[in-house]
Amino acid sequence: MITEKEFARRRRDLMAMMEEDSIAIITASPEKPRSRDTYYPYRQDSDFYYLCGFPEPEAVLVLIPGRAHGQFVIFCRDRDPAREIWDGYRAGPEGACEQYGADDAFPISDIDDILPGLLEGKARVYYAVGKDRDFDQHLMAWVNDIRGRARAGAVPPGEFIDLDHLLHEMRLFKKPAELRIMRKAAKISAEAHCRAMQAVEPGMYEYQLQAELEHHFARAGAHFPAYSSIVGGGGNACILHYISNDCPLQDGDLVLIDAGCEYEHYAADITRTFPVNGGFTQEQKAIYDLVLTAQLEAIDAVQAGRHWDEPHKVTVEVITAGLVELGILKGKVSELIEKGAYTEYYMHRAGHWLGMDVHDVGDYKVDNEWRLLEPGMVMTVEPGIYISPHDRKAAKKWRGIGVRIEDDVAITRKGTEVLTAGVPKTVTDVEALMADRG
Ligand code: GLY
Ligand code: MN
Ligand code: MN
Numbered sequence: 030m031i032t033e034k035e036f037a038r039r040r041r042d043l044m045a046m047m048e049e050d051s052i053a054i055i056t057a058s059p060e061k062p063r064s065r066d067t068y069y070p071y072r073q074d075s076d077f078y079y080l081c082g083f084p085e086p087e088a089v090l091v092l093i094p095g096r097a098h099g100q101f102v103i104f105c106r107d108r109d110p111a112r113e114i115w116d117g118y119r120a121g122p123e124g125a126c127e128q129y130g131a132d133d134a135f136p137i138s139d140i141d142d143i144l145p146g147l148l149e150g151k152a153r154v155y156y157a158v159g160k161d162r163d164f165d166q167h168l169m170a171w172v173n174d175i176r177g178r179a180r181a182g183a184v185p186p187g188e189f190i191d192l193d194h195l196l197h198e199m200r201l202f203k204k205p206a207e208l209r210i211m212r213k214a215a216k217i218s219a220e221a222h223c224r225a226m227q228a229v230e231p232g233m234y235e236y237q238l239q240a241e242l243e244h245h246f247a248r249a250g251a252h253f254p255a256y257s258s259i260v261g262g263g264g265n266a267c268i269l270h271y272i273s274n275d276c277p278l279q280d281g282d283l284v285l286i287d288a289g290c291e292y293e294h295y296a297a298d299i300t301r302t303f304p305v306n307g308g309f310t311q312e313q314k315a316i317y318d319l320v321l322t323a324q325l326e327a328i329d330a331v332q333a334g335r336h337w338d339e340p341h342k343v344t345v346e347v348i349t350a351g352l353v354e355l356g357i358l359k360g361k362v363s364e365l366i367e368k369g370a371y372t373e374y375y376m377h378r379a380g381h382w383l384g385m386d387v388h389d390v391g392d393y394k395v396d397n398e399w400r401l402l403e404p405g406m407v408m409t410v411e412p413g414i415y416i417s418p419h420d421r422k423a424a425k426k427w428r429g430i431g432v433r434i435e436d437d438v439a440i441t442r443k444g445t446e447v448l449t450a451g452v453p454k455t456v457t458d459v460e461a462l463m464a465d466r467g
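So the sequence shown is residues 30 to 467, counted in this note's numbering.
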């Protein structure tokens with residue numbers, strides 16, 4: 030759990046990095062309609078949540094280092110007993126102070142009257158310009174309002190600074206409390222993948238297998254998936270962001286599952302690929318073992334002090350050499366790598382940062398160079414090979430095979446920790462688990 034003390038530390042650390050005479054403004058996520066007047070379950074914006082843990086929409090967080098009446102200000106919805114009967118409890122400004130530690134809180138309906146006063150006289154505004162267009166316009170209107178009063182002595186802010194730069198660098202480095210939560214998200218997700226391996230049967234629909242996973246997420250205390258679960262049988266595994274999950278699974282095909290739960294606002298992200306009938310064919314095994322070798326070697330390359338790009342390079346080398354050996358690519362390995370010939374079958378990068386967002390924030394390059402890996406970073410390692418059923422170049426026997434294997438790796442002071450090691454991935458171990466259905 031992230032304690033109130035931890036949220037306060039984050040705000041303190043951010044304010045310590047802000048320049049003098051400045052103010053930071055962070056907005057909550059809007060609610061998103063699903064159809065007409067029904068909404069998707071609400072998920073707070075990660076930046077907003079990271080700094081205060083306040084879970085409601087229509088809220089604005091303001092940090093004003095050095096403000097005498099309090100540095101941490103929240104604007105939020107007022108209490109409304111009639112609406113609360115329909116939509117649930119609201120903290121209200123009083124609750125924002127009492128439960129979330131705000132120094133000062135105001136109704137969001139008063140923001141036009143109050144925020145210009147907080148902005149006035151500040152030299153710099155830290156803000157994520159362009160993230161919320163409506164709010165951008167409000168902010169510009171408030172600044173113009175102050176400009177309009179310049180002759181009366183009002184001083185508008187002169188500088189807008191990208192908040193993401195400071196905040197996302199903080200989020201990139203996970204503290205022990207965050208790692209504990211991520212371990213739990215990973216463990217629940219690994220268990221769910223094991224359950225799916227044991228539940229799959231030819232004829233089952235992809236969404237039914239999805240239900241097996243998500244059933245476990247909820248049973249284990251993770252209310253939602255961290256992203257839309259991908260369950261693709263046969264050639265559907267070659268569609269990287271396949272989420273329709275509405276086809277029947279065929280005997281003799283592989284199924285690729287890319288799914289992870291969100292636990293206390295932190296994501297897990299696991300992919301496993303396994304045979305619908307419990308046994309790999311020779312061709313499936315050949316591709317699978319190649320992806321697995323690439324993944325294991327790339328995980329070995331995840332080490333503090335090495336470049337972000339190194340694990341990716343390793344996967345490119347192993348996969349290109351392996352595809353040549355299998356006769357799927359033809360030519361000299363070094364030339365094929367230079368030409369990027371592998372991108373026909375391996376068209377994404379080997380991983381990404383992982384945290385509150387599945388594709389988490391944080392720069393991958395610093396001063397135009399791939400950054401060095403450091404303790405506190407968490408990333409995925411997820412090479413794949415996808416030979417589309419429509420491919421004309423590969424021999425027929427390979428077509429329709431899509432394999433990805435993905436684990437979550439934390440870099441710690443002691444080395445690296447594979448958070449998702451609880452779900453098997455060698456052919457022998459996968460087949461053994463699938464055969465063991467109790
Ligand atoms: N599930 C999205 C990804 O693996 O990047
Ligand atoms: Mn994934
Ligand atoms: Mn991923």
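Glycine is no exception: its CB is placed at the ideal position from the N, C-alpha and C atoms.
- Per DSSP, Pro205 is not a residue of any beta strand (DSSP E); the alpha helix (DSSP H) it occupies stretches across Pro205 to Ala228.
- At least one heavy atom of ligand 3 falls within 6 Å of the beta-carbon of Asp298.
- Excluding residues up to 5 positions away in sequence, His341 lie with their Cβ nearer than 8 Å to the Cβ of Arg378 in the same chain.
- For Tyr155, the beta-bridge partners assigned by DSSP are Ala53 and Ile190.
- Leaving aside the five residues that flank Asp287 on each side, the residues in its chain whose CB is nearer than 6 Å to its CB run, in chain order, Ile259 and Thr300.
- Boundaries around Val91 are those of the beta strand (DSSP E), Val89 to Leu92, since no alpha helix (DSSP H) includes it.
- For Val305 and Leu358, the gap between their C-alpha atoms comes out near 27 Å.
- Distances from the CA of Asp282 to each of Ala251, Gln332, Ala333 and Glu230 were compared; the closest alpha carbon is that of Glu230.
- Beta-bridge partners assigned by DSSP to Gly262: Val284.
- Val320 and Ile414 do touch by the CB rule: their CB atoms are close to 5 Å apart, below 8 Å.
- Here Gln166 is exposed: its Cβ has fewer than 16 other Cβ atoms, across all protein chains shown, within 10 Å.
- Membership of Val390 in any beta strand (DSSP E) is not indicated, and neither H nor E is assigned to it by DSSP.
- Counting only runs of 3 or more residues that sit fully inside the segment 375-450, the beta strand (DSSP E) segments are 407-410, 413-416, 430-433, 436-440 and 445-447, in chain order.
- Remark: the C-beta of Asp287 is in contact range of ligand 1, defined as less than 6 Å to any heavy atom.
- Each of Ala439, Ile416, Tyr371 and Gly391 was checked against the Cα of Asp76, and the nearest Cα belongs to Gly391.
- Take the alpha-carbon of His194 and the one of Ala225: they are about 39 Å apart.
- Comparing alpha carbon positions, the residue from Met408, His222 and Leu402 closest to Leu208 is Met408.
- Checking the 6 Å criterion, the Cβ of Glu235 is out of range of every heavy atom belonging to ligand 2.
- CA-to-CA, the gap between Ala181 and Ile175 works out to about 10 Å.
- Shown here for Leu269: same chain residues with a beta carbon closer than 7 Å to its own, the five before and five after excluded, namely His377 in chain order.
- For Arg301, the uninterrupted beta strand (DSSP E) segment begins and ends at Ile299 to Pro304.
- Counting along the chain, no beta strand (DSSP E) covers Ala111; the unbroken alpha helix (DSSP H) around it starts and ends at Pro110 to Asp116.
- Distances between the C-beta of Glu291 and the heavy atoms of ligand 2 are all 6 Å or more.
- Listed as beta-bridge partners of Cys105 by DSSP are Pro136.
- The beta-carbon separation of Arg39 and Met199, rounded to 7 Å, stays under the 8 Å limit for a contact.
- Counted as a single uninterrupted DSSP element, the alpha helix (DSSP H) harbouring Cys81 occupies residues Ser75 to Cys81.
- Distances between the C-beta of Thr409 and the heavy atoms of ligand 3 include at least one below 6 Å.
- Here the C-alpha atom of Ala439 lies approximately 43 Å from the C-alpha atom of Val172.
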